[in-house]
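J.: Provided herewith is a single structure, encoded as structure tokens, for subsequent inquiry.
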Amino acid sequence: MKRPFGQLFLLFLLLILPLVIREAYYQHLMILVLMWVAIGSGWNLISGFTGQVLFGAAAFFGFGAYTAALLSSKLGLSAWWGLPLGGILSVAIAFPFGWICFRLRGPYFALATLALNEIFRHVATIWESLTDGMIGILVMQTFVSKAPYYYVALAIAVVSIVVIDRVMQSRWGYYFVSIREDQDAAESMGINTLYYKMLSLCISAFLIGITGALYTNYMGFIDPKVVFSLHDISIMAILVGIVGGVGTIYGPLVGAFIMVAVQEIFRSGGFGLLNFIGRSTGWPFMSSITKFVGDAHVLSFGILVIIVILFLPNGVVGDWPVIRKMFVRSKDQAV
Amino acid sequence: MLKVQGLNVSYGDLQVLWDVSFEVQEGEIVVLLGANGAGKSTALKTISSLVRPTAGSVEFLGARLDQVPSYGVINYGLAHVPEGRRLFSEMTVEENLILGSLTREAKAKRKKTLEWLYEIFPRLKERVKQPAGTLSGGEQQMVAIARGLMSLPKLVMFDEPSLGLAPIMVTEIFKIVEMVNREGMTVLLVEQNVHHTLAMCDRAYVLENGRITLSGTGQEFLNNDHIKEAYLGI
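Pasting the structure below:
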């Protein structure tokens, strides 16, 4: 970061945000965005920069979440210990997984990560003596107010972006990108590709694992269906990366904003707009439309991905010059 | 310098190389000829440990390369300029070259080597900050060669450097290969462009269906009836 003014200004805005916006609902959305910034950054390091597509971010997310929950329910410790420990244990999972599965390449590796995701979900469901299975685990929340969680989430998001930025400017960054570009050539240049892929995966797993632990602390309740969810966590992580910009530092930041907004607009029926129309017009079919739209938020992801891949294949940040040109040109035409 | 002995290589159930043996002496240009699918590239990949042999050995300056992991081979002073260039296409030319000099000695001399290479390839100097993928085919081949030379190797293996290039570019690439040899590096060249290579090489081997079928000096090959018929089309 040569000119960090823009970044510092953004950080300042984010720091004072909970003081300005006091409504719990919007603070909640912002916390979600910040958590997705961290998860998206983690995903982007291994998948966007190193080129090893991670289809199972939820494996690390859920592992971090369960670490925090079990610390509290089984050992009686504070679930906040889950933050460091969840990250470390996620790395402990990433290590043997990477050691074995990085022998696979391309889609085969992606499928292996998907399998890891599913394995953990099933284990968490079936091992009832430890995890209480589908009943889930309840953790007492520490704070009533949202603000403390917001600041923790902000800290994790900022650390994620700074870590990724530092890593990508270092020697490691070059090695990661060269592995993405051509693994055999990288190997011939003297880069131990297995080692560096492991390194990249471990950093990613750490960031995603911490965020999972924060999720437990913040939500106060987790079950296998939620934290090991394929579409709500693993696919969402990929979408945050793709929409924001694969292989860009600030892509996950933009992607997290867009994805949480899209998800919320659909889930809440256009922030209650559909409900309002239904009530004010009295049309009976509006309530079922509202329900369908609410259920269709996963469908909206699909449509969004198609649009992004067709028009912005490098994501919003990666294709920023294209977007700017579009606006500049339309302005010229208007004048 | 390089001694390949009794190499058997298989991809799964498919055996590609059968009892392949050849040698490269210091200072030579040695050519490996053969049709498509004869196993030339596989031979080079085996030497640089990207592929493991099922039998046989690769000895380079007394070290058994077939027991070295592929990322370690470059430390022995052996560079591989792979077929199809295999550049890091979204990285700049300069970044590609820098990644070619990761060994300790090469790193220490990186600046000097870069200057030397920009002298040889003035065209690359104009394009240092350009993503390698946006260069023309010939320029990309130059980057690939320069990247290989960045490690200051004792032996360079070129895998079909003339592939898909315009005739003028082909001549230039072969001039570069000869120049590399004059600079004191031993060259192992895989080619289909028989005319050019036989004229400049010291010795040559023919690989047919995964077996070495013929060996000799370049001049002997040019006078050999089988070579004339099969490869030179005379």
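So the sequences go chain by chain: D and X. If you're matching positions, the first sequence starts at 0 in numbering that gives the first Met the number 0 and goes up one per residue. If you're matching positions, the second sequence starts at 0 in numbering that gives the first Met the number 0 and goes up one per residue. The C-beta atom is built at its ideal place from N, Cα and C for all residues, glycine as well. Just so it is clear, the structure is predicted and the values come from calculations on it, not from any experiment.
What residues in the segment 157-182 of chain D have a beta carbon less than 7 Å from any beta carbon of chain A?
T.: In the structure shown, chain A cannot be found, because the protein chains are D and X.
J.: With DSSP run on the structure shown, which of helix, strand or coil describes residue 53(D)?
T.: Residue state, collapsed to three classes: coil.
J.: Applying the criterion that 16 or more other CB atoms from any shown protein chain within 10 Å of the CB defines a buried residue, is residue 186(D) buried or exposed?
T.: Classification for residue 186(D): buried.
J.: For a contact defined as C-beta to C-beta under 7 Å, what are the partners of residue 313(D) on chain X?
T.: Result: empty, since nearest Cβ-Cβ is about 11 Å, beyond 7 Å.
J.: Comparing alpha-carbon positions, which option in 308(D), 246(D) and 293(D) lies nearest residue 160(D)?
T.: Of the candidates 308(D), 246(D) and 293(D), the one whose C-alpha sits nearest the C-alpha of residue 160(D) is 246(D).
J.: At which residues does the alpha helix (DSSP H) containing residue 229(X) begin and terminate?
T.: It is not in any alpha helix (DSSP H) - residue 229(X) carries neither H nor E in the DSSP assignment.
J.: Measure the C-alpha to C-alpha separation of residue 335(D) and residue 217(D) and round it to an integer number of angstroms.
T.: Here chain D covers residues 0 to 334 and nothing more, so residue 335(D) does not appear.
J.: What are the residues that DSSP puts in a beta bridge with residue 174(X)?
T.: Paired residue(s): none; residue 174(X) is not in a bridge.
J.: Could you pull out every residue in the same chain whose Cβ sits closer than 6 Å to the Cβ of residue 169(X), ignoring the five residues on either side in sequence?
T.: Here the set comprises 161.
J.: Run down chain X in chain order and give the residues with a C-beta less than 8 Å from the C-beta of residue 186(D).
T.: Going along chain X in sequence order, the residues near residue 186(D) (Cβ under 8 Å) are 49, 69 and 70.
J.: Would you call the segment 196-211 of chain D and the segment 94-110 of chain D touching, i.e. three or more CB-CB distances under 8 Å?
T.: Touching, per the Cβ criterion.
J.: Considering only residues of the segment 64-132 of chain X, which uninterrupted alpha helix (DSSP H) runs meet the minimum length of 4 residues and lie entirely inside it, listed in chain order?
T.: Those alpha helix (DSSP H) runs which fall completely within the segment 64-132 of chain X and span 4+ residues are 92-98, 103-107, 109-119 and 121-125.
J.: Between residue 306(D) and residue 137(D), what straight-line distance do the alpha-carbon atoms span, to the nearest angstrom?
T.: Straight-line Cα distance between these residues: approximately 39 Å.
J.: Is the Cβ of residue 191(D) closer than 8 Å to any Cβ of chain X?
T.: Yes, because at least one Cβ of chain X sits closer than 8 Å to the Cβ of residue 191(D).
J.: Tell me whether residue 286(D) sits in a helix, a strand or coil according to DSSP, three-state version.
T.: Looking at residue 286(D) - three-state DSSP - the assignment turns out to be helix.
J.: Report yes if the C-beta distance between residue 201(X) and residue 46(X) is below 8 Å; otherwise report no.
T.: No, they are not a contact pair.
J.: For residue 334(D) and residue 285(D), I'd like the C-alpha separation in whole angstroms.
T.: Residue placement at residue 334(D) is flagged as unreliable, the pLDDT there being 45, under the threshold of 50; the coordinate-derived value follows with that caveat. About 42 Å.
J.: Taking the beta carbon of residue 105(X) as the centre, do at least 16 other beta carbons fall within 10 Å, making it buried, or is it exposed?
T.: That one is buried.
J.: Along the segment 92-118 of chain X, what residues have a CB closer than 7 Å to any CB found in chain D?
T.: The segment 92-118 of chain X vs chain D, Cβ under 7 Å: 94, 98, 99, 101 and 102.
J.: Do you know offhand how far residue 166(D)'s Cα is from residue 176(D)'s?
T.: Those two C-alpha atoms are separated by around 11 Å.
J.: Straight-line CA distance for residue 227(D) to residue 58(D)?
T.: Between residue 227(D) and residue 58(D), the C-alpha separation is close to 6 Å.
J.: Tell me the DSSP secondary structure of residue 334(D) in three-state form.
T.: With a pLDDT of 45 at residue 334(D), under the threshold of 50, the modelled position of this residue cannot be trusted, and the question is left open.
J.: Looking at the structure shown, is residue 313(D) part of a helix, part of a strand, or coil, going by DSSP?
T.: Three-state result, residue 313(D): coil.
J.: Counting Cβ pairs closer than 8 Å, one from the segment 209-225 of chain D and one from the segment 57-77 of chain D, do we hit at least three?
T.: These segments touch.
J.: Can you give me the C-alpha to C-alpha distance between residue 83(D) and residue 213(D), rounded to a whole angstrom?
T.: So the alpha carbons of these two residues sit roughly 10 Å apart.
J.: Would you say residue 89(X) lies against chain D (beta-carbon separation less than 8 Å)?
T.: Yes, contact with chain D.
J.: Report the start-end ranges of each alpha helix (DSSP H) in the segment 155-202 of chain D that is 4 residues or longer and not cut off at the edges.
T.: Segments of the alpha helix (DSSP H) lying fully in the segment 155-202 of chain D: 170-180 and 182-187.
J.: Ends of the alpha helix (DSSP H) at residue 8(X)?
T.: Careful: residue 8(X) lies outside any alpha helix (DSSP H), inside the beta strand (DSSP E) at 1-10.
J.: To the nearest angstrom, how far is the alpha carbon of residue 234(X) from that of residue 197(D)?
T.: Lying outside 0 to 233, the shown extent of chain X, residue 234(X) is not represented and no answer is given.
J.: Kindly list, in the order they appear in chain D, the residues whose Cβ is closer than 8 Å to that of residue 46(X).
T.: Chain D residues near residue 46(X): none, gap ~11 Å exceeds 8 Å.
J.: I'd like to check one pair, residue 68(X) with residue 48(X): are the Cβ atoms closer than 8 Å?
T.: Cβ atoms of residue 48(X) and residue 68(X): closer than 8 Å.
J.: Do residue 256(D) and residue 293(D) have their beta-carbon atoms positioned less than 8 Å apart in this structure?
T.: In this structure, residue 256(D) does not lie closer than 8 Å to residue 293(D) by Cβ.
J.: Taking Cβ-Cβ distances shorter than 7 Å, what residues in chain D pair up with residue 85(X)?
T.: Neighbours of residue 85(X) on chain D, chain order: 181, 183 and 184.
J.: In chain D, what lies closer than 8 Å to residue 74(X) by C-beta?
T.: By Cβ distance, chain D contributes 189.
J.: Can you give me the C-alpha to C-alpha distance between residue 241(D) and residue 109(X), rounded to a whole angstrom?
T.: Roughly 36 Å separates the two Cα atoms.
J.: Cβ atoms of residue 123(X) and residue 92(X): under 8 Å apart, would you say?
T.: Taking 8 Å as the Cβ cut-off, residue 92(X) and residue 123(X) qualify as a contacting pair.
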